Amino acid sequence: MTTELIVTGRARRRGIPSRRRHEPLLRRIALRSPVYLVLVVASVLSLIPFAWMVIASTHKTSDLFVTPLPLLPGGEFWQNLGRLQESVGFGQVMINSVLVAVLYTVFSSIISVMCGYGLATYRFRGRGVLMGVILVTMMIPMQVLLVPLFQMMASAGWIDSYQALIIPFLANAFGIFLMRQGFLDFPTTLIEAARIDGASELRTFYRIVLPVARPQIAALIIYTFISQWNSFIWPLLMLNSEDKYTIPVALNTMIGLSRVDYSGLMLGSLLATLPLFLLFLVFQKQFVAGLLGGAVKG
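And the structure:
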């Protein structure tokens, strides 16, 4: 943009006609137009499933299998909402999901930030091996861990409890890796200056390190909240009481052997998506900056 302004300014001073002055801009638009076209098409295609979810949540299930398909919202929204509340108690499961996701996000983020900071800034024997072990745990499929974790929770008497959903996964390997990558580029001179001034390690961490690492922390919070909010397999194994179900587990109960309430499922999925959508809108700048900052550092 700066180069373009310089070029057009020089052209104006030299008395070049307006059409010739705008040639670089027009040429650049012409060169990039295929890229813009691809991006627009990809954006429209990615929005189609969400648009269909909105439309389907306002129609009867029988209306979703007619030809042609409805392309505009219908008038069954409140009826579907009442049936959704009656079927699964959607208000209660929404509270359950918020409770579990918020508690998990708070404690898991604290652990990830402190572990990432320690691995990035402190020099101690075995640091590389420890980081390698953390990375290896990211490659273990969840299905491999289900049986031993279930036995551990049964031995502890935590079946059908929220601590079984939160505590086993508090040490999030990806979160630790993300924060470690973010702290690698942190200026160590600031930490050394704080130590020389007599600040304790804890004071240095909270007063100097955390404010600078806000983009990475925001990205970590969003990622952690979304992963717990969408978790399905583990809560399905752990929870037996319907009044403790989270949203994915509760919506799964609407899929029967002979009948599936697709309109209710679409409405439940839409309402479950809204908190994530709002969370991303609020923290989108920090989320992108944090992921890019953690991705480009070695």
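Sequential numbering from 1 applies to the sequence shown in UniProt numbering.
For each residue, glycine too, the CB sits at the ideal point set by N, CA and C.
Every value quoted in this text rests on a predicted model; they were computed, and no experiment measured them.
According to DSSP, is isoleucine 48 helix, strand or coil?
helix
Assign isoleucine 95 to buried or exposed, taking buried as 16 or more other Cβ atoms, counted over all protein chains shown, within 10 Å of its Cβ.
exposed
Starting from the C-beta of leucine 130, find all residues in its chain whose C-beta is less than 8 Å away, skip the five residues before and the five after it, and write them out in chain order.
Leu119
Taking Cβ positions, are isoleucine 247 and glycine 268 nearer each other than 9 Å?
yes
Strand pairing of isoleucine 255, partner residues [DSSP]
Val260
Can you tell me whether proline 211 is buried or exposed, with buried defined as 16 or more other CB within 10 angstroms of its CB?
exposed
For the alpha helix (DSSP H) containing threonine 137, name the first residue and the last one.
127-137
With the cut-off set at 9 Å, would you say glycine 219 and arginine 207 are in Cβ contact?
As written in the sequence, residue 219 is alanine, which differs from the glycine given in the question. Their beta carbons are not under 9 Å apart, which means alanine 219 does not touch arginine 207 by this criterion.
With respect to the alpha helix (DSSP H) encompassing leucine 149, which residues constitute its N-terminal and C-terminal limits?
142-156
For arginine 203, report the span of its alpha helix (DSSP H) as first-last.
201-204
With a CB to CB cut of under 6 Å and the five nearest residues on each side skipped, what residues in its chain are close to asparagine 240?
Asp160
Does any heavy atom of the ligand GDP sit closer than 8 Å to the C-beta of leucine 279?
As for the ligand GDP, it is missing from this structure, which has no ligand bound.
If you follow the alpha helix (DSSP H) that phenylalanine 225 is part of, which residue opens it and which one closes it?
214-229
Can you tell me the Cα-Cα spacing of isoleucine 217 and phenylalanine 205, whole angstroms?
13 Å
Taking 8 Å as the cut-off, does the stretch 173-186 touch the stretch 131-148 (at least 3 CB pairs, one atom from each stretch)?
yes
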